[in-house]
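Below is one structure, written out as structure tokens; the observations come after it.
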Ligand code: DAH
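Numbering (my numbering), first residue to last: 5 to 348.
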């Protein structure tokens, strides 16, 4: 028995020594065979010897053997981890090969711009609303105070689907839908696609994006309109941006104003500037106080409530901001174009 114990300890020492000298996975496998092989491993042959022992000696010796077996298994496992990890990596990656080029996606410049606009209005307490792209004549025109056959309709080259159904020419019909659905106070913006019968050219497309805004509450004045749009445009571009309001006409607002901002390209300093045609100004959006007739159309009392609205083309503004010369680039899906844009 004493002899058995000494031999077990001796095997353990030998094993530890051999393990310390093992250089790779292969030598570990050899060690595993020597000690744990079920046919002729060291543990197995020692186990055979137990048969000759008396019962109480047998159990002591069995424990010793078990300890040896566990020791060998554990040590081999730990050593295995050390060896295999780097080996497999080395096999899979040839570090001498050139790297693989990864094509990262990028937000589309229209999406980027739309998100930036949304974030500014969200920070002012507006919520975002959507509406259908196929509209009825009522929402696209009539409720917005364009009577049938009114010449103002000619300014919106409309794609009709039937006598009554059309592709919305602007996001303004969502004003009507929002006012029908809830009571003031209303503070929304409506980004979305609109359609017009246009032949594509550098500044026109038959499909483009607008963002509409609507505020209706008690005591809303033109000062709110000016303050909101000035804050919006200065945040979108820069703090010192020059802005001017010009009288205009829209059937659904009274009074109406168009908003110009200083030319981002020449800042008014080049009378030959091709972007602003030397005027120093660029028209950027339409706006006005919601016409009392429009409020009546949705059963809001214009004696109690007033509001302002505005509409802006997203691509047009993005073109101006990024100095993109041709609107068609946005939808040609040329990745070399689309990938270039980031906004702070
Ligand atoms: N819907 C107009 C357009 O498509 C833009 C617009 C102008 C929207 C004035 C408004 C507004 O809400 O008040 O040209």
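Ideal Cβ placement from N, Cα and C applies to all residues, glycine included.
| Item | Value |
| --- | --- |
| Which one of 238, 289 and 70 has the shortest CA to CA distance from residue 175? | 289 |
| My guess is that residue 238 and residue 245 are in contact by the Cβ rule of under 8 angstroms, so how many angstroms apart are they, rounded? | 5 angstroms |
| Would you list the one or two residues that DSSP bridges to residue 213? | 197 |
| Please report the distance separating the alpha-carbon of residue 253 from that of residue 154. | 14 angstroms |
| If you draw a straight line from the alpha carbon of residue 60 to that of residue 99, how long is it in whole angstroms? | 60 angstroms |
| Which same chain residues, not among the five before or five after residue 236, have their C-beta less than 6 angstroms away from its C-beta? | 124 |
| Looking only at its chain, what residues have a beta carbon closer than 6 angstroms to the beta carbon of residue 15, apart from the 5 residues adjacent to it on each side? | 46 |
| Is the distance from the Cβ of residue 144 to the Cβ of residue 177 below 9 angstroms? | yes |
| Any heavy atom of ligand 1 closer than 8 angstroms to the beta-carbon of residue 297? | no |
| Please classify residue 295: does DSSP put it in a helix, a strand, or coil? | coil |
| From 131, 110, 322 and 48, pick the residue whose C-alpha is nearest to that of residue 338; which is it? | 110 |
| Should residue 199 go down as buried or exposed, given a rule of 16 or more other Cβ atoms within 10 Å for buried? | buried |
| Straight-line CA distance for residue 267 to residue 344? | 22 angstroms |
| Could you please give the first and the last residue of the uninterrupted beta strand (DSSP E) stretch that includes residue 171? | 169–171 |
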